[in-house]
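*Asks:*
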Amino acid sequence: MEGLASVKELMEELRQGHPVVLVDDEDRENEGDLIMAAEHVTPEWVNFMLKECRGLLCVALTEARAKALDLPLMVERNQDPQGTRFTVSVDARGTTTGISAFERA
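Read in order, the letters of the sequence shown are residues 1 to 105 in the working numbering.
Given below as structure tokens:
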């Protein structure tokens, strides 16, 4: 797929296990994020994201899910201009350092 796609097209790509670049407006951050459905993430994709995309590796959660997992917000008083709501960072149970692509997947 090339160029800008509709939400419907992006959702189909995600369902098929393909990553997509989701871009925001010029008046926001003016950037793109590589996203993919969590059930399709592999250690190879995590490695690609970490090596080539060079940003934070994040998992999107609903507020209810974050509360169920007892994940508090990273900061109590969010001063980010975009209001980005990060929780404290976590490692999965049963991992060693949590830094390898395999453990992050």
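Ideal Cβ positions, reconstructed from N, Cα and C, are used throughout, including at glycine.
Nothing here was measured: the structure is a model prediction, and the numbers come from that model.
#1: Rounded to a whole number of angstroms, what is the C-alpha to C-alpha distance between Asp33 and Pro72?
#2: In terms of residues, what are the limits of the alpha helix (DSSP H) holding Val20?
#3: What residue range is occupied by the uninterrupted alpha helix (DSSP H) comprising Leu61?
#4: What would DSSP say about Leu71, mapped onto helix, strand or coil?
#5: Ignore the nearest five residues each way along the sequence and tell me which others in Ala38's own chain have a CB closer than 7 Å to its CB.
#6: For a quick check, are the C-beta atoms of Met74 and Val90 less than 8 Å apart?
#7: In terms of alpha-carbon separation, which member of Thr96, Met36 and Lys67 lies closest to Leu22?
#8: Exposed or buried, which one is Met49 when buried takes at least 16 other CB atoms within 10 Å?
#9: So who's on the other strand from Gly32, going by DSSP bridges?
*Replies:* So, to answer that:
#1: 24 Å
#2: No alpha helix (DSSP H) contains Val20, which is instead part of the beta strand (DSSP E) from Val20 to Val23.
#3: Run containing Leu61: none; DSSP gives neither H nor E here.
#4: coil
#5: Cβ within range, chain order: Val59.
#6: no
#7: In this structure, Met36 is the residue among Thr96, Met36 and Lys67 with its C-alpha nearest to the C-alpha of Leu22.
#8: buried
#9: Val23
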